[in-house]
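Each residue of the sequence shown is one higher than the one before, counting from 1 in full-length UniProt numbering.
Comments concern the structure below.
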Amino acid sequence: MKVELENLFSIDESNQDQVIKVYNRYGIFIGAPEIRKRNLKASFNPIFTLNEEVTYEQVAALYKSLERELGIVSIGERFYFDFSDSEYEQAPLFTLNSTGNSPEMFVDDKGTLFSISTYCQHCGLMEKEQLSPIVIDTTEMKDRHLVHVSGYWIASQELVALMEQEDIKGYELLEVIHQGTEEGKQKAFQIIPTQVLPQCSNERVKLYFATEQPPCRCGLSGVINGPDIYKNEDLKGLTGDVFYSAEWSHDGRYLYRKTLFSRKFREIIIKNNISREVRGEKDKNFGPRDWLFDPVLLK
Ligand SMILES: [Zn+2]
Numbered sequence: 001m002k003v004e005l006e007n008l009f010s011i012d013e014s015n016q017d018q019v020i021k022v023y024n025r026y027g028i029f030i031g032a033p034e035i036r037k038r039n040l041k042a043s044f045n046p047i048f049t050l051n052e053e054v055t056y057e058q059v060a061a062l063y064k065s066l067e068r069e070l071g072i073v074s075i076g077e078r079f080y081f082d083f084s085d086s087e088y089e090q091a092p093l094f095t096l097n098s099t100g101n102s103p104e105m106f107v108d109d110k111g112t113l114f115s116i117s118t119y120c121q122h123c124g125l126m127e128k129e130q131l132s133p134i135v136i137d138t139t140e141m142k143d144r145h146l147v148h149v150s151g152y153w154i155a156s157q158e159l160v161a162l163m164e165q166e167d168i169k170g171y172e173l174l175e176v177i178h179q180g181t182e183e184g185k186q187k188a189f190q191i192i193p194t195q196v197l198p199q200c201s202n203e204r205v206k207l208y209f210a211t212e213q214p215p216c217r218c219g220l221s222g223v224i225n226g227p228d229i230y231k232n233e234d235l236k237g238l239t240g241d242v243f244y245s246a247e248w249s250h251d252g253r254y255l256y257r258k259t260l261f262s263r264k265f266r267e268i269i270i271k272n273n274i275s276r277e278v279r280g281e282k283d284k285n286f287g288p289r290d291w292l293f294d295p296v297l298l299k
């Protein structure tokens with residue numbers, strides 16, 4: 001697995017060589033950027049790999065130099081985790097990160113009951129407990145097989161039938177409540193994993209954005225977690241295909257637990273043409289209806 005960092009900012013085109021020199025001075029060798037002119041500024045989006053030679057501490061120092069020497073502030077940052085083919089081939093479990101490179105994979109909650117409590121006094125993250133079935137306008141699912149509703153996965157009847165037919169195990173179903181017009185409504189089901197995975201290994205990569213507020217002391221806000229990584233022995237003897245992670249994730253406001261699926265589940269989705277096989281966000285196959293599964297790493 002490789003961690004890549006993308007920087008996004010605008011420069012005056014005449015500054016291009018100087019900007020590249022500053023990167024080089026910090027041991028980051030990037031080519032001339034693809035210049036896309038907007039007004040008098042050019043956007044600059046270098047992507048480079050972080051490793052022992054190029055650490056994030058160096059990058060944070062680089063930002064200070066760019067600001068001091070060239071007046072460049074507000075640098076956007078984006079991390080990518082790039083997995084090797086063997087990591088895809090060996091992973092027993094996958095984290096489902098997306099069911100389509102499109103806003104249509106998200107459907108709005110229309111009034112599910114939750115009990116909400118504060119989880120962290122410092123950053124204000126909240127914990128929520130679901131008290132009713134999920135309420136959505138099921139016509140918004142259209143012909144999608146799996147949509148995301150505020151931290152939960154909602155499956156179509158066809159997907160549920162396929163999961164049953166293929167003997168996928170380790171979940172319960174809770175039918176959603178439809179709210180909206182009668183025409184075009186459909187049955188849909190929340191997938192609720194019945195098992196929680198063991199804790200991730202403490203070797204999991206944890207990152208933060210130097211250009212944003214430092215991470216909160218709760219260890220959640222402001223922390224970018226790398227891929228799920230497990231001790232091999234902890235996953236031995238695991239049965240079933242659908243799991244919650246032990247660790248909390250959050251959407252900036254509420255905590256939730258990520259859902260992980262077995263290799264078998266991923267293969268069924270690809271075999272039945274529900275999604276093409278996608279390897280990473282930058283894969284050309286990651287279209288509006290394709291599912292992005294990241295492999296868990298073993299150590
Ligand atoms: Zn916090």
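Even glycine gets a Cβ: it sits at the ideal position worked out from N, Cα and C.
In this text the structure is predicted, and so the values were computed from the model without any measurement.
Quiz item: Got a sec: does ligand 1 put a non-hydrogen atom nearer than 7 Å to the Cβ of His250?
Solution: Position 250 of the sequence shown holds residue 250. No; taking the cut-off as 7 Å, the Cβ of His250 has no heavy atom of ligand 1 nearer than that.
Practice problem: Could you spell out the range, first to last residue, of the alpha helix (DSSP H) harbouring Ala42? | Solution: Position 42 of the sequence shown, counted from the start, is the residue given in the question as residue 42. Run containing Ala42: none in the alpha helix (DSSP H); it sits in the beta strand (DSSP E), Lys41 to Phe44.
Exercise. Report the three-state DSSP secondary structure of Ala91 (helix, strand or coil).
Key: What you label residue 91 is simply residue 91 of the sequence shown in a count that begins at 1. DSSP places Ala91 in coil when its eight states are reduced to three.
Exercise. Assign Lys284 to one of three DSSP states: helix, strand, or coil.
Key: Mapped onto the sequence shown, residue 284 falls at position 284. Lys284: coil per DSSP, three-state reduction.
Quiz item: Which residue's Cα is closest to the Cα of Ser98: Ser275, Leu298 and Leu297?
Solution: Start at 1 with the first residue of the sequence shown, and residue 98 comes out as number 98. Per the Cα distances, Ser275.
Quiz prompt | His178 Cβ short of 7 Å to ligand 1 heavy atom set | solution = Along the sequence shown, read from residue 1 onward, the residue named residue 178 stands at position 178. His178 Cβ: outside cutoff for every heavy atom of ligand 1.
Quiz item: Terminal residues of the continuous beta strand (DSSP E) containing Phe189?
Solution: In the sequence shown, residue 189 corresponds to position 189, counting from 1. Taken as a continuous stretch (DSSP letters only), the beta strand (DSSP E) holding Phe189 covers Ala188 to Pro193.
Exercise. Using 7 Å as the cut-off, classify the Cβ of Arg217 as near or not near the heavy atoms of ligand 1, replying yes or no.
Key: Position 217 of the sequence shown, counted from the start, is the residue given in the question as residue 217. Correct: Arg217 has its Cβ closer than 7 Å to ligand 1.
Quiz item: ligand 1 heavy atoms versus the CB of Ser201: any closer than 7 Å?
Solution: For the purposes of this step, residue 201 is identified with residue 201 of the sequence shown, where counting begins at 1. Annotation for Ser201 indicates a beta carbon at 7 Å or more from all heavy atoms of ligand 1.
Quiz item: Do Ile75 and Phe48 have their CB atoms nearer than 8 Å?
Solution: Position 75 of the sequence shown holds residue 75. Position 48 of the sequence shown holds residue 48. No, the Cβ-Cβ distance between Ile75 and Phe48 is not below 8 Å.
Quiz item: Quick check: the region 135-152 against the region 222-234, are there 3 or more CB pairs under 8 Å?
Solution: no
Quiz item: Which runs of the beta strand (DSSP E), 3 residues or longer, sit entirely within the region 160-222?
Solution: 171-175 and 188-193
Quiz item: Nearest to Gly170 by alpha carbon, out of Val278, Ser262 and Val296?
Solution: Position 170 of the sequence shown, counted from the first residue, corresponds to residue 170. It is Ser262 whose Cα lies nearest to the Cα of Gly170.
Self-check item: Ser117 CB to nearest heavy atom of ligand 1 below 7 Å
Solution: As a working mapping, residue 117 is identified with position 117 in the sequence shown. Not one heavy atom of ligand 1 falls within 7 Å of the beta-carbon of Ser117.
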